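Peer 1: In this note's numbering, the protein residues as written are 22 to 128. Glycine included, every Cβ here is placed at the ideal spot set by N, Cα and C. Keep in mind the model is a prediction, meaning the values are calculated, not measured.
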Amino acid sequence: ADFLAQCRQIDLEELDRLYNDVCKNAHKYSEEEQEIELVEPERVHTKESITEDVRQEWALAGANQIVDGKVGLMVLAGGMGSRLGTSEPKGTYDIGLPSHKSFFQII
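1. Under the rule that 16 or more other beta-carbon atoms within 10 Å means buried, what is Lys45, buried or exposed?
2. With DSSP run on the structure shown, which of helix, strand or coil describes Pro62?
3. In the DSSP assignment, the alpha helix (DSSP H) including Glu73 goes from what residue to what residue?
4. Can you tell which of Lys68, Lys111, Ile127 has the C-alpha that lies nearest to the C-alpha of Ser130?
5. Any C-beta of chain B sitting closer than 9 Å to the C-beta of Gly112?
6. Could you check the C-alpha separation between Val96 and Ile116 for me, to the nearest Å?
7. Whole angstroms is fine: what's the gap from Thr107's alpha carbon to Gly100's?
Right under this line is the structure:
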């Protein structure tokens with residue numbers, strides 16, 4: 022019953038508008054930006070597959086990359102970007118990168 026109630030709350034017109042907007046603007050993304058590279062299985066790890074020493078080493082290396090400005094992190098909560106002053110999904114928002122690309126354009 023809860024699922025059906027949630028489904029009834031979906032704004033299908035807004036969903037259709039967003040979908041059509043993405044389709045209309047698909048040409049803005051280069052082929053290079055659309056390519057996805059697979060990661061070799063031996064490079065994939067879980068918390069359980071590494072030692073505490075390795076975890077700490079990786080945490081320090083990651084922190085150093087952040088301090089050096091080589092990587093960043095962006096956490097997005099669900100929902101629309103109304104508190105950001107936009108009616109679009111948060112992933113389309115210009116977060117101030119030099120390229121002015123949105124999160125969706127980068128991924």
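Peer 2: Let me lay it out:
1. exposed
2. helix
3. Residues 73–88.
4. An answer regarding residue 130 cannot be provided, because it is not within the stretch 22 to 128 covered by the chain.
5. Absent here is chain B; the protein component of the structure consists of one chain.
6. 12 Å
7. 12 Å
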